[in-house]
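Taking it in order: structure first as structure tokens, then the write-up.
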Amino acid sequence: MPEMAGLDEGTPLFVQVADMLAGQIADGGLAEGERVPSTNELAAFYRINPATAAKGINVLADDGLLEKRRGIGMFVAAGARARLLARRRAEFTQRYVKPLLTEAARLGIGTDDLTALIKEAGSEREGASL
Amino acid sequence: MTPAISVAGLTRRYRDHTALDDVSFTIPGKTITGLLGRNGAGKTTLLRILAGQEFPSSGSARILGAPPAENEDVLRRMVFVREDQSYPDIRVGQALRAASWFYPNWDAALASSLLDDFGVRADKAVKKLSRGQRSALGITIGLAARADVTLFDEPYAGLDAVARQIFYDRLLADFAEFPRTVLLSTHLIDEAAALFEGVIVIDRGRIVLDAAADVLRGVATRVSGPSLAVDALAEGRPVWEQRRLGSQASVVIVGPLSQHDREQARSSGLDLTPLSLQQIVVQAATGVLAPALEAEAETGFETGFERTSA
Chain A
35 MPEMAGLDEG
45 TPLFVQVADM
55 LAGQIADGGL
65 AEGERVPSTN
75 ELAAFYRINP
85 ATAAKGINVL
95 ADDGLLEKRR
105 GIGMFVAAGA
115 RARLLARRRA
125 EFTQRYVKPL
135 LTEAARLGIG
145 TDDLTALIKE
155 AGSEREGASL
Chain B
4 MTPAISVAGL
14 TRRYRDHTAL
24 DDVSFTIPGK
34 TITGLLGRNG
44 AGKTTLLRIL
54 AGQEFPSSGS
64 ARILGAPPAE
74 NEDVLRRMVF
84 VREDQSYPDI
94 RVGQALRAAS
104 WFYPNWDAAL
114 ASSLLDDFGV
124 RADKAVKKLS
134 RGQRSALGIT
144 IGLAARADVT
154 LFDEPYAGLD
164 AVARQIFYDR
174 LLADFAEFPR
184 TVLLSTHLID
194 EAAALFEGVI
204 VIDRGRIVLD
214 AAADVLRGVA
224 TRVSGPSLAV
234 DALAEGRPVW
244 EQRRLGSQAS
254 VVIVGPLSQH
264 DREQARSSGL
274 DLTPLSLQQI
284 VVQAATGVLA
294 PALEAEAETG
304 FETGFERTSA
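First to last, the protein sequences are chains A and B.
According to our numbering, the residues represented by the first sequence are 35 to 164, in order.
According to our numbering, the residues represented by the second sequence are 4 to 313, in order.
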């Protein structure tokens with residue numbers, strides 16, 4: 035699927051649309067109270083079927099992250115960002131820490147070495163952002 | 004609600020072979036469906052029967068609730084764009100004008116902006132057009148007709164990738180504004196995959212797959228890595244394409260993987276690559292997907308695209 039803005043194979047497209055909107059809400063790219071792109075805007079941007087885009091929006095609406103304002107469109111619900119961030123923190127260990135430990139074990143990097151590596155990378159990052 | 008297209012027990016026999024063999028399906032209104040299959044699978048015969056240009060040997064086809072053949076009401080609400088459509092000896096503008104008289108929802112502004120996008124001049128003689136330009140004219144008529152039922156049969160012979168992308172983008176944009184039933188046959192599956200809400204795959208005249216496009220994503224996954232870990236994950240599941248190289252193995256697992264499966268795969272160093280729609284369609288003819296799709300249906304996977312299957 036060339037030319038398709040950032041979508042991959044495998045995951046249902048509507049799930050990917052929902053994930054991307056949720057990501058934008060979590061990053062603050064879509065502020066609470068802001069209008070979410072319409073189904074047709076999403077369909078044109080991602081080059082997908084409008085029904086697929088609508089299903090993605092509905093996933094978030096059913097979750098209470100978006101709210102419908104009759105005749106105007108979908109808006110980011112109050113408290114949506116905080117809820118998404120809390121969920122992401124809960125998933126952090128599972129999604130990032132465990133795979134990191136797995137790969138480290140495969141390479142023979144012990145937990146102490148790994149901690150040192152993280153600290154080193156962390157201070158480089160802080161140094162760079164100063 | 005009456006489906007936009009419904010086909011029951013459709014069979015078309017020629018002297019020495021059967022082009023369509025007991026084909027049944029329905030397509031709900033206002034959806035874009037991909038009609039996929041190899042050359043010679045029966046796609047064109049099916050579309051010609053739907054367009055009322057050919058008669059079945061047995062079975063029935065209904066468009067908007069009525070048989071299409073010699074049915075003026077239905078034919079005006081339907082447009083059929085064929086591969087390598089031929090035209091009489093006229094200019095492009097005249098071809099569009101003729102179409103505008105026939106199709107009640109014709110949008111002349113859309114037609115001329117499509118011609119612009121494709122770089123086809125209205126004053127050019129149709130027989131002087133290149134093959135790609137002739138395809139562009141067919142696509143222009145197919146979209147500007149804004150017919151309730153729009154049939155495209157491999158409409159882009161000679162069109163390059165850029166022009167095909169114009170077609171997909173304009174189809175989506177106009178469909179979003181004026182939803183209608185679109186059935187598009189294509190062998191360029193992966194580049195058109197995201198257009199489809201439903202997918203029908205035909206092989207040697209029979210329907211081998213009729214499903215929501217979303218369900219097909221993730222229905223099969225290539226798993227590769229250490230043989231022991233691959234075998235552990237594949238245990239008890241339908242698989243195909245097993246390959247081994249030394250201590251490494253690669254296999255395609257049919258059926259969705261749970262979150263737990265994925266985590267286990269990652270922690271044992273396996274790579275997971277979902278199969279593309281194109282790869283899935285190739286396998287559909289073997290029947291190996293059927294159990295996985297039934298499992299999806301049983302778990303009540305929300306598709307929003309319910310069909311009665313053949």
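Each residue gets a CB set at the ideal place from its N, CA and C atoms; glycine is no exception.
For residue i, which of helix, strand or coil comes out of DSSP?
i	result
residue 123(B)	coil
residue 223(B)	strand
residue 157(B)	coil
residue 109(B)	coil
residue 51(A)	helix
residue 213(B)	strand
residue 274(B)	strand
residue 161(A)	helix
residue 123(A)	helix
residue 183(B)	coil
residue 94(B)	strand
residue 83(B)	strand
residue 139(A)	helix
residue 152(B)	strand
residue 147(B)	helix
residue 69(B)	strand
residue 114(A)	helix
residue 166(A)	No statement about residue 166(A) is possible, as the shown extent of chain A runs from 35 to 164 and does not include it.
residue 58(B)	coil
9 Å is my cut-off, CB to CB: does residue i come that close to chain B?
i	result
residue 48(A)	yes
residue 84(A)	yes
residue 45(A)	yes
residue 97(A)	no
residue 80(A)	yes
residue 71(A)	no
residue 136(A)	yes
residue 102(A)	no
residue 153(A)	no
residue 128(A)	yes
Using only alpha-carbon positions, find the residue among the options that is nearest to residue i.
i	options	result
residue 246(B)	205(B), 225(B), 238(B) and 67(B)	225(B)
residue 98(A)	160(A), 159(A), 144(A) and 59(A)	59(A)
residue 122(B)	166(B), 192(B), 18(B) and 9(B)	166(B)
residue 68(A)	161(A), 102(A) and 159(A)	102(A)
residue 279(B)	267(B), 234(B) and 219(B)	219(B)
residue 207(B)	261(B), 49(B) and 11(B)	49(B)
residue 77(B)	69(B), 147(B) and 83(B)	69(B)
residue 27(B)	217(B), 33(B) and 65(B)	65(B)
residue 9(B)	67(B), 139(B) and 254(B)	67(B)
residue 242(B)	284(B), 90(B) and 223(B)	223(B)
residue 91(B)	128(B), 23(B) and 118(B)	128(B)
What does residue i touch in chain A if you count any residue whose Cβ is under 9 Å from its own?
i	result
residue 258(B)	Within 9 Å Cβ-Cβ: nothing; residue 258(B) doesn't reach chain A, min ~13 Å.
residue 34(B)	83 and 85
In terms of DSSP beta bridges, what is residue i paired with?
i	result
residue 11(B)	63(B)
residue 167(B)	Paired residue(s): none; residue 167(B) is not in a bridge.
residue 251(B)	229(B) and 248(B)
residue 97(A)	DSSP lists no partner for residue 97(A).
residue 33(B)	Note: residue 33(B) sits in no beta bridge, so no partner.
residue 23(B)	15(B)
residue 206(B)	209(B)
residue 38(B)	188(B) and 203(B)
residue 108(A)	102(A)
residue 256(B)	224(B) and 242(B)
residue 69(A)	109(A)
residue 128(B)	94(B)
Would a check of beta-carbon distances place residue i closer than 9 Å to chain A?
i	result
residue 220(B)	yes
residue 73(B)	no
residue 198(B)	yes
residue 303(B)	Confidence is the limiting factor: at residue 303(B) the pLDDT is only 40, short of 50, which leaves the residue's position unreliable and the question unanswerable from this model.
residue 241(B)	no
residue 91(B)	no
residue 392(B)	What is shown of chain B runs 4 to 313, which leaves residue 392(B) out entirely.
residue 182(B)	yes
residue 119(B)	no
residue 217(B)	yes
residue 158(B)	no
residue 277(B)	yes
residue 311(B)	Note that residue 311(B) scores a pLDDT of 38, beneath 50, so its modelled location is shaky; the value from the coordinates is reported in the next line. Not closer than 9 Å to any Cβ of chain A, the Cβ of residue 311(B) fails to qualify, so no.
Give the residues of chain B in contact with residue i, contact being defined as C-beta atoms less than 8 Å apart.
i	result
residue 140(A)	272
Identify the contact partners of residue i in chain B, using a Cβ-Cβ distance below 9 Å as the criterion.
i	result
residue 132(A)	266, 269 and 270
Please list the partners that residue i has in chain A, where partner means a Cβ-to-Cβ separation under 8 Å.
i	result
residue 238(B)	Neighbours of residue 238(B) on chain A: none; closest Cβ ~21 Å, over 8 Å.
So which residues of chain B does residue i contact, with C-beta pairs closer than 7 Å?
i	result
residue 77(A)	175 and 179
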